[in-house]
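Quick note: to get this note's numbering, add 1316 to the position in the first sequence (first position is 1). In what follows, a structure is listed as structure tokens, so that the remarks can point back to it.
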Amino acid sequence: MNLRVNPMDNRYDPKRIEPKWQTVWDANKQFKVDEDPSREKYYLLEMFPYPSGKIHMGHVRNYTIGDVIARYKRMRGFNVLHPMGWDAFGMPAENAAIANNTHPAAWTYANIDAMREQLKRMGYSYDWDREFATCAPDYYKWEQWLFLKMLEKGMAYQGESYVNWCDTCQTVLANEQVEAGECWRCGNPVRQKKLTQWFFKISDYAEDLLEYCDRLAGWPEKVTTMQKNWIGKSMGAEIRFQVEDSDRAIDVFTTRPDTIFGATFMCLAPEHPLVRALSRGTGLEADVDAFVERMALQSRSDRMLENYEKEGLFIGAWCLNPMTGRRMPIYIANFALMEYGTGAVMSVPAHDQRDFDFAKKYGLDIVVVIRPYDTPVEQVARTEAYVEDGVLVNSGKFTDMDNKAAQEAITDYFEKNELGRKAVSYRLRDWGISRQRYWGAPIPVIHCESCGAVPVPEEDLPVVLPEDVDLLEGGRSPLETTEAFVQTTCPKCGGPARRETDTMDTFVESSWYFERYCSPHFDRGMFDTGAVGYWMPVDQYIGGVEHAVMHLLYSRYFTRVLKDIGLVDFKEPFTRLLTQGMVCKETVQCPEHGFLYPEETRYDGDQPYCGFCNQKAAVGRVEKMSKSKKNVIDPNVLLDEYGADTVRLFCLFAAPPERSLEWSEQGVEGGFRFLNRIWRLINHWHADIQKVRPFDGDPGELDGAAKKLFSKTHQTIKKVTTDIEERFHFNTAISAVMELVNAMYAAELDMAHAHSASVMRHAVESVILLLAPVVPHITEELWEALGNEPGKLSSAWWPAYREDATISETRLMVVQVNGKVRGRFEVSADADDDAIKEKAMADENVRRFTEGKDIKKIIVVKDKLVNIVV
RNA sequence: GCCUGGGUGGCGGAAUUGGUAGACGCAAGGGACUUAAAAUCCCUUGAGGCUGAGUCCUCGUACGAGUUCGAUUCUCGUCCCAGGCACCA
């Protein structure tokens, strides 16, 4: 190889360098990949964005972390799939379209263009040939196809149920989309509404999804714990309570069958089907109906209030305690939830706080059936429910039994006598996917008056979302009134029929997009099973922790459905998961103008002033960047000022990925300074090193400053490699490179010595290679300036370290006396313990602490320290 | 209330298996260069103490105990912060 001689600018100019290399990467399709069975694959995926129009710092952080890993793995020789696309359906498009008098599609595609541009400016190494938007018919066609398969298998079904309804968004929300009683999107209160909905039967997989949580070794425990809690498995019993003077019975689910002898009344959810039936003929019908009506209107946000009062109403009927025969009045209660268990609660006021409160309010009997282990039953206080373990009392033949044992024994008794059975209950609900919105994938069903809900025949897919519609104020879906779409014929009987006008929850699109990336243009199915077989599962998935439950759980569920259909042969789509922390910044508030954007603030030292009125503004707490708090930084502004490499460097250096990142203008400045420092360093050595090859001889051939630098270089390579490989701790990896750069500045190389220049070149190349994944533009430029082939850095090999060069021949030993450091000395690596002890004892300062004292013990920790115990 | 994280200098953060607490960066202070400033380069920087300003001493990783020759790291208890769940029977 002929080493070229390339000139080098004196000044680091990202504005020139960055577009240059982005153009090269684009033109070469440098990051395009194909299946190659001869190479080990690595699928790196970041959660794709909703095309809102602009990337924000959260995206920048997420995608930077991902890009560094992708580039690193490429340098390690992996065949890396690193795609990007758009989660393009969803409500903001409709709202924006109404506000700006455009079409959601036009708005969405314009946003995609703008954001793609921004991502390219960041220098991310995507295979852009795989890009797609989920709003494209050739994407959602296959989603509709899967829906039909699920319908066939009973995995998708139509059901009538109370749903979370947002009046503002005019649509249904999944439980996961309701946050503290409010809509996750618009923040308005959510109320209960009865509607016919399409559901996916995720509950069929509750147990499997739960079980596999513990096998997701590459996931943060935090996330699997959240999923486990969300699935919410409870073990208990289902028990049948006979209604007095009736052949009806009420089934309840309880986790505390051991407290059955203390059950003194029954609570039903207002929506419970027996409520009406049992209240008939009691003279209380009118009151009961009114109560049920009122509860249905009660919004979820009301129910969430702290002071939310337990309320109930006796419905005029009794049931019988199967153990004691006691007449238990039946109530409807607002705290009983129809969605959980059987919608009926056996109330044991002595041992459940809610039941206790309810009993107190309505003057119902409280019967103690468990006493604490160390308290006789007479002394049990009755100021609150006793929910701990204890010994059964007043419980017939089970009295004196430990309550844990009694749970088993009583359940067995029920099973023998056919009064109940062991039961498991999950908190997880089926996934309601119907949305009364326009901008989503149409549900491929046709409603026929004689045939009912009929699936659209496969050959008629996709059911294309019509573009020519009139968007309506208030957000009602225009599909219902678009006759050209709605009116059709029944595929079964040929008679006139109407299309389903609901569209699918956008979480459906994001539940399989990672498979689509494997063969994004495949037109004979959801994906090419060969390609998916090669690339999937995703080796490393990266995204915000806000998707810990919904998106990740749905994706795990969909993968199971695909496996059962026979399209994939794995259950878990994401082998490793990294949830990056939030990007935060302090808020600034003017007493008159409220929160201020950074560009509306003027600083005098640390003191901000309002840009409108010049008053002193108050610095608030450090919080997650959000438009409402105006503590946001626009990535474009940073790109203009510092360039992509600086932004990338700062995002990685300021904190480890999983922790939150506090924004600091000075920190960014520091990153920029570091890049300049590297530039100047290499510029300084440029002439001396461009005609030599990096030193690759034996460390034994070196001495003095050259040897030290060579050793530091290899130590740095080792440190950076393990920091990235084992824990993605880029912050410490970068600081290691900073140390090396400092050492290079300090190195007093004797240029008369034969190896000095090549040792320096080795150090320079190492810095470039180690930083290549982090700051790809400046490193490509420097790589070229050193005479290497232009544009080839991203496919260069990650540097290797030689162990023998990382180890120095002497060790710095610390001497402690009774665990306190009293001295330190250098010792050769092969010194034996006795020699080390002797040297330690000889230390002048150590002697001051050992003189005249009994030496009890001397502990020598190899290569580290000596501790003298006196 | 329950479940997860977390608490280390003026600040962001290091310390990978129990072994020199504070790497690296920021900020601050000092010096060099300059007519000057910026930029750059170098030095200092946890707090306190001092007979011999040192290869010095004491204290110090939210707080209180414990295990250990030795604890930021392990155990128990307490406090605070962040996130998640929240009438789930």
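Even for Gly, the Cβ is constructed at its ideal location relative to N, Cα and C.
Within its own chain, the residues whose Cβ lies closer than 7 Å to the Cβ of D2170, once the five positions on either side in sequence are excluded, are V2186, listed in chain order. A direct Cα-Cα distance of roughly 50 Å separates G1736 from Y1359.
Beta-carbon to beta-carbon, A1649 and L1594 are separated by about 14 Å, too far to satisfy the 8 Å threshold. In this structure, Q1931 lies away from R1892, with their beta-carbon atoms at least 7 Å apart. With a contact defined as Cβ atoms closer than 8 Å, F1672 and K1626 miss out at about 10 Å. The C-beta distance from G1748 to V1559 rounds to 32 Å, too long to fall under 8 Å, and the pair is not in contact.
Per DSSP, the beta-bridge partners of E1902 are V1938. Under the 10 Å beta carbon count, E1554 is surrounded by 16 or more other beta carbons and is classified as buried. When the beta-carbon positions are compared, R1377 and Q1896 come within less than 7 Å of each other.
Shown here for Y1473: same chain residues with a beta carbon closer than 7 Å to its own, the five before and five after excluded, namely F1515, K1517 in chain order. Going by beta carbons, Y2117 and I2033 fall inside the 7 Å limit. Below 8 Å, too few C-beta pairs join the stretch 1342-1353 and the stretch 1363-1371 to call them touching: fewer than three. No Cβ-Cβ contact shorter than 7 Å links A1421 with L1787. For H2045, the three-state secondary structure derived from DSSP is coil.
The beta carbon of D1681 lies closer than 6 Å to those of T1580 in the same chain, with the five residues before and after it left out. Per DSSP, V1770 lies in no alpha helix (DSSP H) segment; the continuous beta strand (DSSP E) that holds it begins and ends at 1768-1771. Cβ neighbours of E1978 within its own chain (closer than 6 Å, five residues either side excluded): C1900, V1938. The C-beta separation of V1824 from A1769 comes to about 18 Å, leaving the pair out of contact by the 8 Å criterion. Minimum Cα-Cα distance from F1607 among the listed residues F1630, L1590, V1494 corresponds to F1630. Shown here, K2035 sits in a helix according to DSSP, grouped into three states.
In the DSSP assignment, R1643 falls outside any alpha helix (DSSP H) and lies within the beta strand (DSSP E) extending over 1643-1649. Apart from the 5 residues on each side of it in sequence, D1603 sits with its Cβ closer than 8 Å to the Cβ of L1629 in its chain, given in chain order. Take A1386, set aside five residues on each side of it, and the residues of its chain with a beta-carbon closer than 7 Å to its own are L1360, V1396, H1398, S1441, in chain order.
In the assembly as shown, F1569 is a buried residue. Its beta-carbon has 16 or more other beta-carbons within 10 Å. Residue Q1434 holds the alpha-carbon nearest to the alpha-carbon of V1963 among Q1434, G1393, P1408. DSSP places I1518 in no alpha helix (DSSP H); its state is neither H nor E. Contiguous beta strand (DSSP E) elements confined to the stretch 2054-2141 occur at 2126-2133, taking only those with 3 or more residues. For K2023, the three-state secondary structure derived from DSSP is helix. In the DSSP assignment, W1481 falls within the beta strand (DSSP E) that extends over 1472-1482.
Contact between V1709 and V1684 holds: CB atoms are separated by about 6 Å, below the 8 Å threshold. Across the structure, Q2132 and I2175 are spaced so that their CA atoms are roughly 9 Å apart. Apart from sequence neighbours up to five positions away, the residues of its chain that approach G2135 with a beta-carbon distance below 8 Å are N2183, ordered along the chain.
The beta carbon of C1806 sits closer than 7 Å to those of I1762, C1764, C1767, V1770, A1813, all from its chain and outside the five residues before and after it, given in chain order.
A check of alpha carbon separations from N1947 across F1966, E1916, R1975 identifies E1916 as the nearest.
The C-beta distance from A1960 to M1391 rounds to 19 Å, too long to meet the 8 Å contact threshold. Inclusion of G1548 and R1698 in the CB contact set at 7 Å is not warranted, their separation being larger than that value.
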